[in-house]
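If you read the sequence shown in our numbering, its first letter stands for residue 155, the second for the next number, and so on. First up is the structure itself, then whatever we jot down about it.
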Amino acid sequence: MADSSASPPTPVSFPEFSPVSTAQWQAQLARELKGTDPASLRWTMPDGLMAEPFYHREALAALGGAPAPLPPRPAPCRNVVALTVPTGTDGRLQIEQAADALARGADGIHLLLNNEAAHFALAELADRLPLATTWLGYTVLQGPEQLLERLREASGGEPLRGFLRFIPPTVPEGAELGGFRATLHRCLALARDWPDFRVLAVNGAFFSNRGATLTQQLAFSLSTAAAMLTHLPDSAAGGVTAAEVAANFHLDVAIGPSYFPEMARLRATRRLWATLLHAYGLPPAGAAALPIYATTATWTQTTLDPHTNLLRHTTEAMSAVLGGADAMQVASFDCLYHPYNEFSARLARNLPLVLRDEAHLDWVADPAAGSYFIETLTDELARAAWAEFQALEAQGGMLHARSRALEAVSQAGLAAFKRIATGQAVVVGTNRFQNPHEKFDYQPKQLLRSREFDTTRATYPSEVLRLATALHFERRANQDKHATLVLLGGARVNEDIAGAFWHLLHPGHPGQAPPLEIAPDSYSVLFSKPDEATLMYASPTQFDHLARVVQQVPAGHVFDVPSLVNSDLATLLEAVRVFGFKEFVVEGHRTEEVLARLQGR
155 MADSSASPPT PVSFPEFSPV STAQWQAQLA RELKGTDPAS LRWTMPDGLM
205 AEPFYHREAL AALGGAPAPL PPRPAPCRNV VALTVPTGTD GRLQIEQAAD
255 ALARGADGIH LLLNNEAAHF ALAELADRLP LATTWLGYTV LQGPEQLLER
305 LREASGGEPL RGFLRFIPPT VPEGAELGGF RATLHRCLAL ARDWPDFRVL
355 AVNGAFFSNR GATLTQQLAF SLSTAAAMLT HLPDSAAGGV TAAEVAANFH
405 LDVAIGPSYF PEMARLRATR RLWATLLHAY GLPPAGAAAL PIYATTATWT
455 QTTLDPHTNL LRHTTEAMSA VLGGADAMQV ASFDCLYHPY NEFSARLARN
505 LPLVLRDEAH LDWVADPAAG SYFIETLTDE LARAAWAEFQ ALEAQGGMLH
555 ARSRALEAVS QAGLAAFKRI ATGQAVVVGT NRFQNPHEKF DYQPKQLLRS
605 REFDTTRATY PSEVLRLATA LHFERRANQD KHATLVLLGG ARVNEDIAGA
655 FWHLLHPGHP GQAPPLEIAP DSYSVLFSKP DEATLMYASP TQFDHLARVV
705 QQVPAGHVFD VPSLVNSDLA TLLEAVRVFG FKEFVVEGHR TEEVLARLQG
755 R
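Shown next as structure tokens:
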């Protein structure tokens, strides 16, 4: 046995190599570039943060020394499978799927209930799964306290493990929490003796999946937590304290494919959470116990070349694990257009297993610790997010300045649309390296008509163009005498759609703007006829009236504006003429040529 009193081993050194300073590296970089400005190698993130081409140990000195590593997790990152219980069902099918997933590698289940909690087959759940030992999360739209009451009864008083996420109707800006506050007080009381079950969700994934920058995601999640820490403590409501509120938080985040920044975002979250707790007079060490529930982001998923989603999910899951998430939910690569199926569900379930059992990412407590780049980026993100958080709090916080936060997220999303449309941001298989021979295993027309089709994603405008193009060429091949109007997007993406056409045809002039004369409140519409397709625009009122007339919907009836209007050619030609749709021309090119290039023909 080794002598425990022996001196520690001497650190490995390489005396034959002289130390190289940052200044020396910069000088060498300038020589290698032969006159090119080294600043051209910098990388600007959507937040405005600048990443340098290299980092040196001097970067840690600028931070005041290497930050402390993340505390060890009590267990490896949990592999969670999400199952949606559709409206009108009691969840028995999903309970069977949950039992199967747990037997085949899942560590936990997240049930998303679209019905009232009273309709869920909780007795069946308790019969199939041991509630006291199975990690279960629940997302409910209404009646969270009823669900917890039923869980207490079904578990026989045994403590449960997991979480509750309540997504209530939006509280009007500036309004008191009212009944929402009373509901959360009741939930806290019901789960008071369940230390491993968290009932207060901070839904940071909401911001992630609408295009928010990493700085915004951090800041607005903090503001959401601050609102609950401010308004939920109440000595008259069963003695709810700030400490109890903090101990019931769990943070939901959606992870994108930007590998190192996402890792740094999660590390910055722990740091800022400690600062927030300190501001409320609570021990900062509690930040280490905050459960972070990570999911793969819907914002960056695509229906084009969808197997690339598997690759995105791999980097996203790695960022989550290495960044310190406690649980990871990987979505099926085809979930945007296919219902639950065993093949894609198995791939999603096995991905975290490969990272844990083959890559052994759980063998090191904090593998990112000490990285000059990640430590610097973590610090910069934390500082920028705290400044954004303070600015929002100065205007009343998330409860009173929600519109400001949502507008900021909207602007960030528009900027992302524009970067994708112009090729500044690459989405493999969608706007770069497309598969020109791709065969869709879904019906584009049905997908565009579906209310479940997620139109909030970054690639949606590009996808709609490609799908509409596919419909057009299919119609030509079949000599179909019908025509279709496809709603490509509203006012917020008109410039991006026109820009996508323009930059496709003029790749040598990326900085030149397309010739646009489009009303600011218009819709972009593709009019696809058997022999040609034309890009048009119309006001929301024009499109609504045309859709009502063509689909024979009475004027007084509630009507959801569809994304696709299909009819015989003569009817649509006359409707477009009567309702005054305007034709948009890309100078020098027929729309047919544009569509052919979009389709890779």
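By construction, the Cβ of each residue, glycine as well, lies at the ideal position given by its N, Cα and C atoms. From a predicted model like this one, the values you see are computed outputs, not experimental measurements.
Work out the CA separation of residue j and residue i for me, nearest whole Å.
i                 : j                 : result
lysine 736        : alanine 724       : 18 Å
leucine 224       : glutamine 248     : 36 Å
glutamine 370     : alanine 539       : 7 Å
arginine 755      : glutamine 588     : Residue placement at arginine 755 is poorly supported in this model, since its pLDDT is 46, which falls under 50; the coordinates still yield a value, given next. Near 12 Å, if we compare the C-alpha coordinates of glutamine 588 and arginine 755.
glutamate 312     : lysine 572        : 52 Å
glycine 410       : arginine 466      : 8 Å
threonine 384     : leucine 553       : 11 Å
phenylalanine 171 : alanine 513       : 33 Å
proline 438       : glycine 189       : 49 Å
alanine 555       : glutamine 549     : 6 Å
arginine 246      : alanine 260       : 19 Å
arginine 258      : tryptophan 453    : 28 Å
proline 226       : isoleucine 528    : 18 Å
phenylalanine 374 : alanine 536       : 13 Å
leucine 354       : phenylalanine 334 : 12 Å
proline 200       : alanine 379       : 24 Å
arginine 352      : histidine 264     : 13 Å
glutamate 299     : leucine 344       : 8 Å
arginine 603      : threonine 324     : 27 Å
alanine 213       : threonine 530     : 7 Å
alanine 236       : serine 486        : 10 Å
proline 322       : tryptophan 289    : 23 Å
tyrosine 494      : aspartate 488     : 9 Å
glutamate 534     : glutamate 416     : 13 Å
alanine 277       : alanine 308       : 7 Å
By DSSP's criteria, residue i is part of a beta bridge. Which residues make up the other side?
i              : result
isoleucine 446 : Leu405
tyrosine 413   : DSSP, once it has assigned bridges, lists no residue as partnering tyrosine 413.
aspartate 698  : Beta-bridge pairing links aspartate 698 to no other residue.
methionine 204 : Thr198
asparagine 720 : Thr638
glutamate 737  : Met690
glycine 316    : Leu290, Phe351
leucine 237    : Leu265
arginine 586   : Val582
arginine 388   : The question names arginine, yet the displayed sequence has aspartate at residue 388. Val394, per the DSSP bridge assignment.
arginine 232   : Ala481
Pick from the options: whose alpha carbon is nearest that of residue i?
i                 : options                        : result
glycine 297       : Arg340, Ala252, Leu383, Val234 : Arg340
valine 582        : Leu295, Pro506, Thr176, His461 : His461
lysine 683        : Ser721, Arg558, Pro708, Ser175 : Ser721
valine 508        : Thr378, Val484, Asp675         : Val484
glycine 202       : Ala215, Glu270, Val580, Leu368 : Leu368
leucine 295       : Ala277, Val239, Glu250         : Val239
glutamate 728     : Pro221, Val703, His711, Val618 : Val703
valine 679        : Leu619, Gln549, Glu512, Leu302 : Leu619
threonine 429     : Ser377, Gly245, Phe697, Tyr691 : Ser377
phenylalanine 414 : Gly551, Gln544, Gly477         : Gly477
threonine 688     : Thr638, His699, Ala479         : Thr638
histidine 636     : Ala566, His591, Thr241, Leu718 : Leu718
alanine 442       : Thr454, Phe713, Phe487, Arg421 : Arg421
cysteine 231      : Asp516, Leu641, Asp595, His699 : Asp516
phenylalanine 760 : Gln705, Ala612, Ala692         : Nothing in the structure corresponds to residue 760, since the chain is present only between 155 and 755.
serine 765        : Ala612, Arg304, Asp244         : Here the chain has residues from 155 to 755 only, and residue 765 is not among them.
phenylalanine 360 : Val715, Gln705, Arg603, Ser564 : Ser564
threonine 499     : Gln706, Ala205, Leu256         : The sequence shown places alanine at residue 499, not threonine. Looking at the Cα atoms, Leu256 is the closest of the given residues.
arginine 364      : Pro694, His404, Glu561, Glu470 : Glu561
valine 394        : Thr337, Thr450, Gln578         : Thr337
methionine 472    : Ser412, Leu431, Leu444         : Ser412
What residue range does the alpha helix (DSSP H) around residue i cover?
i              : result
isoleucine 574 : 556 to 575
serine 309     : 298 to 309
arginine 731   : 723 to 732
histidine 514  : No alpha helix (DSSP H) contains histidine 514, which DSSP labels as neither H nor E.
threonine 243  : Per DSSP, threonine 243 belongs to no alpha helix (DSSP H) and is neither H nor E.
leucine 436    : Premise fails: leucine 436 is in no alpha helix (DSSP H) and is neither H nor E.
valine 174     : Here valine 174 belongs to no alpha helix (DSSP H), and DSSP marks it neither H nor E.
valine 475     : 462 to 477
arginine 537   : 526 to 548
glutamine 455  : Premise fails: glutamine 455 is in no alpha helix (DSSP H) and is neither H nor E.
leucine 283    : Element bounds for leucine 283: n/a, residue is neither H nor E.
Where does the unbroken beta strand (DSSP E) through residue i begin, and where does it stop?
i             : result
glutamine 483 : 481 to 483
leucine 266   : 262 to 267
Taking 9 Å as the CB-CB limit, is residue i close to chain B?
i          : result
serine 389 : Annotation note: the requested chain B is absent from the structure, which comprises a single protein chain.
Point to revise | Contained beta strand (DSSP E) runs [length at least 3] in the region 330 to 386, N- to C-terminal order | key: Fully enclosed beta strand (DSSP E) runs of 3 or longer: 354 to 357.
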